[in-house]
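Here numbering that gives the first Met the number 0 is used: the first residue of the sequence shown is 0, the next is one more, and so on.
Beta carbons: idealized from backbone N, C-alpha and C, even for Gly.
Each remark here refers to the structure printed beneath this line.
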Amino acid sequence: MTAQEGAGDAPKPFRLLPRVTPENEHFWTGGRDGELRFLRCKACGYWIHPPAPVCPVDLSRDLAVAAASGRAAVHTFTINHHPWIPGYDPPYVVAIVELPEQDGLRLTTNLVKVEPDAVEIGMPVRVVFDEHDGVWLPLFEPDPAVEASDG
Numbered sequence: 000m001t002a003q004e005g006a007g008d009a010p011k012p013f014r015l016l017p018r019v020t021p022e023n024e025h026f027w028t029g030g031r032d033g034e035l036r037f038l039r040c041k042a043c044g045y046w047i048h049p050p051a052p053v054c055p056v057d058l059s060r061d062l063a064v065a066a067a068s069g070r071a072a073v074h075t076f077t078i079n080h081h082p083w084i085p086g087y088d089p090p091y092v093v094a095i096v097e098l099p100e101q102d103g104l105r106l107t108t109n110l111v112k113v114e115p116d117a118v119e120i121g122m123p124v125r126v127v128f129d130e131h132d133g134v135w136l137p138l139f140e141p142d143p144a145v146e147a148s149d150g
């Protein structure tokens, strides 16, 4: 069992945590409510990530926090075999996932609850959150709803 799969009451692996600011708080704390949150332009509907004060499409400043579906597909990935992070035993998967809400809406993340050799480009995944000191890190696992409908 790797550290990212969890081990009951075992301590969580060390994580470098982001600096939470008023501009990005919605993203890093949305997991508390089970939501993957981004800024979205109220004028044109464009999803904005990383957070920015202005929509890159229409330059509107009329932005609001919105929850995405939490579903995604693996866009690309790599399998790390080096023990860079104490307590986070390799191998583990670092991936870029793309959300269906918008072409190009992507996150760099870790894939969990999947054997590294089973990961494929296009694999359907869903968000899960890993809480560390009030920061809810969005990780992704295989999407059982899609797997069930394929069988």
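By Cβ distance, which residues of its chain are closer than 7 Å to residue i, with the 5 residues on each side in sequence left out?
i: Gly-69; result: Leu-35, Arg-125, Val-126
i: Leu-16; result: His-131, Asp-132, Val-134
i: Leu-136; result: Arg-14, Phe-128, Asp-129
Excluding five sequence neighbours on each side, which residues of the same chain lie with their C-beta closer than 8 Å to the C-beta of residue i?
i: Pro-82; result: Asp-88, Pro-89
i: His-74; result: Ala-94, Ile-95, Val-96, Glu-97, Arg-105, Ile-120
i: Pro-99; result: Ser-68, Arg-70, Ala-71, Ala-72
Give me the Cα-Cα distance between residue i and residue j, rounded to the nearest whole angstrom.
i: Val-145; j: Ala-71; result: 11 Å
i: Arg-31; j: Leu-58; result: 31 Å
i: Ala-117; j: Val-92; result: 10 Å
i: Thr-1; j: Pro-123; result: Low per-residue confidence applies at Thr-1: pLDDT is 35, beneath 50, and the placement is therefore not dependable enough to give any value.
i: Cys-40; j: Val-53; result: 8 Å
i: Glu-24; j: Phe-128; result: 15 Å
i: Asp-102; j: Tyr-45; result: 10 Å
i: Gly-33; j: His-48; result: 18 Å
i: Gly-7; j: Ile-84; result: Unreliable positioning characterises Gly-7 in this predicted model, as indicated by a pLDDT of 47, which lies under 50. The coordinate reading is nonetheless provided below. Roughly 20 Å between the two C-alpha positions.
i: His-80; j: Phe-26; result: 29 Å
i: Ala-51; j: Thr-28; result: 17 Å
i: Gly-86; j: Thr-107; result: 20 Å
i: Thr-20; j: Pro-143; result: 34 Å
i: Asn-109; j: Glu-22; result: 23 Å
Please classify residue i: is it buried, with 16 or more other beta-carbons within 10 angstroms of its beta-carbon, or exposed?
i: Ala-63; result: exposed
i: Val-56; result: exposed
Give me, in chain order, the residues of the same chain whose beta-carbon lies closer than 6 Å to that of residue i; leave out the 5 immediate sequence neighbours on both sides.
i: Val-113; result: Pro-141
i: Arg-14; result: His-131
i: Gln-18; result: The identity of residue 18 in the sequence shown is Arg, whereas the question assumes Gln. None.
Taking the alpha carbon of residue i as the reference point, which residue from the options has its own alpha carbon closest?
i: Pro-115; options: Glu-100, Ile-47, Phe-76, Arg-39; result: Phe-76
i: Asp-61; options: Leu-136, Pro-49, Cys-43; result: Cys-43
i: Ala-66; options: Gly-86, Ile-78, Phe-37; result: Phe-37
Is residue i helix, strand or coil by DSSP?
i: Arg-60; result: coil
i: Pro-90; result: coil
i: Ala-117; result: helix
i: Asp-142; result: coil
i: His-81; result: coil
i: His-48; result: coil
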